[in-house]
Amino acid sequence: NAGVTQTPKFQVLKTGQSMTLQCAQDMNHNSMYWYRQDPGMGLRLIYYSASEGTTDKGEVPNGYNVSRLNKREFSLRLESAAPSQTSVYFCASSAAGNSYEQYFGPGTRLTVT
Amino acid sequence: AQTVTQSQPEMSVQEAETVTLSCTYDTSESDYYLFWYKQPPSRQMILVIRQEAYKQQNATENRFSVNFQKAAKSFSLKISDSQLGDAAMYFCAYKGYGGSQGNLIFGKGTKLSVKP
Numbered sequence: 018n019a020g021v022t023q024t025p026k027f028q029v030l031k032t033g034q035s036m037t038l039q040c041a042q043d044m045n046h047n048s049m050y051w052y053r054q055d056p057g058m059g060l061r062l063i064y065y066s067a068s069e070g071t072t073d074k075g076e077v078p079n080g081y082n083v084s085r086l087n088k089r090e091f092s093l094r095l096e097s098a099a100p101s102q103t104s105v106y107f108c109a110s111s112a113a114g115n116s117y118e119q120y121f122g123p124g125t126r127l128t129v130t
Numbered sequence: 830a831q832t833v834t835q836s837q838p839e840m841s842v843q844e845a846e847t848v849t850l851s852c853t854y855d856t857s858e859s860d861y862y863l864f865w866y867k868q869p870p871s872r873q874m875i876l877v878i879r880q881e882a883y884k885q886q887n888a889t890e891n892r893f894s895v896n897f898q899k900a901a902k903s904f905s906l907k908i909s910d911s912q913l914g915d916a917a918m919y920f921c922a923y924k925g926y927g928g929s930q931g932n933l934i935f936g937k938g939t940k941l942s943v944k945p
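Heads up: the protein sequence lines correspond to chains A and B, in order.
According to the working numbering, the residues represented by the first sequence are 18 to 130, in order.
According to the working numbering, the residues represented by the second sequence are 830 to 945, in order.
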């Protein structure tokens with residue numbers, strides 16, 4: 018049982034390049050989330066997927082797109098990376114229902130030069 | 830919109846002593862959940878403890894306990910018998926009910942150092 022996995026762990030991009038961050042969970046969770054963490058800040062929600070087939074914007078969605086490929090996988094795409102997107106990105110998942118806590122992946126450190 | 834405030838950017842505690850990390854939040858909801866997450870240098874986010882707002886009893890997990898004051902909208906974390914492995918960033922988080930209100934809202938974190 019690996020929990021939540023993310024790839025890659027580190028990535029350096031040039032401004033304007035595109036890339037996709039991958040996330041998968043093996044806990045049969047319905048809900049999945051993408052956050053970013055910047056220095057001196059807590060985690061901020063980019064997008065979430067309450068269930069397979071649905072996605073919704075979070076607090077900071079600009080410059081990102083997501084795909085809920087199936088119940089297990091939720092990817093985050095940067096179409097044209099900008100230095101302001103330099104951050105640590107976390108994927109998380111939770112079971113359905115309001116009381117369930119979120120389980121986090123190990124994070125991806127992305128640097129855009 | 831809900832907000833979470835952690836007023837202590839950094840805290841320090843002597844090994845084996847007790848430390849309390851503060852958290853306040855703002856909400857108009859009556860039912861919600863509160864969490865404390867630990868983030869060690871490995872970056873992994875680890876759930877420490879959670880509290881349901883409808884429960885008057887404060888949550889406890891081994892050396893970790895909370896002081897939940899609903900009227901004051903305060904949710905502090907007490908770490909007893911501090912250990913070197915407790916050194917980490919600690920984030921307070923709020924979760925409302927349903928839809929987008931069910932997403933986690935984080936404070937900016939408190940960096941805890943433990944001195945041997």
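Positions of the beta carbon are idealized from the N, C-alpha and C atoms, including for glycine.
*For E118 of chain A, which residues in chain B fall below 7 Å Cβ to Cβ?*
F864, L876 and R879
_Residues that F958 of chain B contacts on chain A, provided the C-beta gap is smaller than 9 Å_ = Outside the displayed span of chain B (830 to 945) sits residue 958 of chain B, for which this structure offers no information.
_Range covered by the beta strand (DSSP E) that runs through C852 of chain B_ = Run containing C852 of chain B: none; DSSP gives neither H nor E here.
*Take P78 of chain A and list the residues in its own chain whose beta-carbon comes closer than 7 Å to its own, dropping the five residues that flank it on each side.*
I63 and Y64
*So, is S104 of chain A buried or exposed, given that buried needs 16 or more other C-beta atoms within 10 angstroms?*
buried
*Between P100 of chain A and the rest of its own chain, which residues show a CB-CB distance below 6 Å, the 5 nearest in sequence each way excluded?*
V129
*the stretch 78-99 of chain A: positions lying closer than 9 Å to chain B by Cβ*: none
*What residues from chain A crowd round N932 of chain B, counting only those whose CB sits closer than 8 Å?*
Y50, L62, Y65 and G75
*Counting contacts by CB-CB distance shorter than 8 Å, is P123 of chain A in contact with chain B?*
yes
*Under a Cβ-count criterion, where at least 16 other Cβ atoms within 10 Å of its own Cβ denotes burial, should S859 of chain B be classed as buried or exposed?*
exposed
*asked:* Classify A900 of chain B: buried if its beta carbon has 16 or more other beta carbons within 10 angstroms, exposed otherwise.
replied: exposed
*Contacts that F935 of chain B makes with chain A (C-beta to C-beta distance below 7 Å)*: G59 and L60
*Just checking, does the stretch 844-855 of chain B make contact with the stretch 869-882 of chain B on the three C-beta pairs under 8 Å criterion?*
no
*asked:* I need the straight-line Cα distance from F904 of chain B to N87 of chain A, nearest angstrom please.
replied: 37 Å
*DSSP on L913 of chain B, reduced to helix/strand/coil?*
helix
_Given S66 of chain A as reference, the closest of A:G59, A:W51, A:G80 and A:E118 once Cα atoms are compared_ = A:W51
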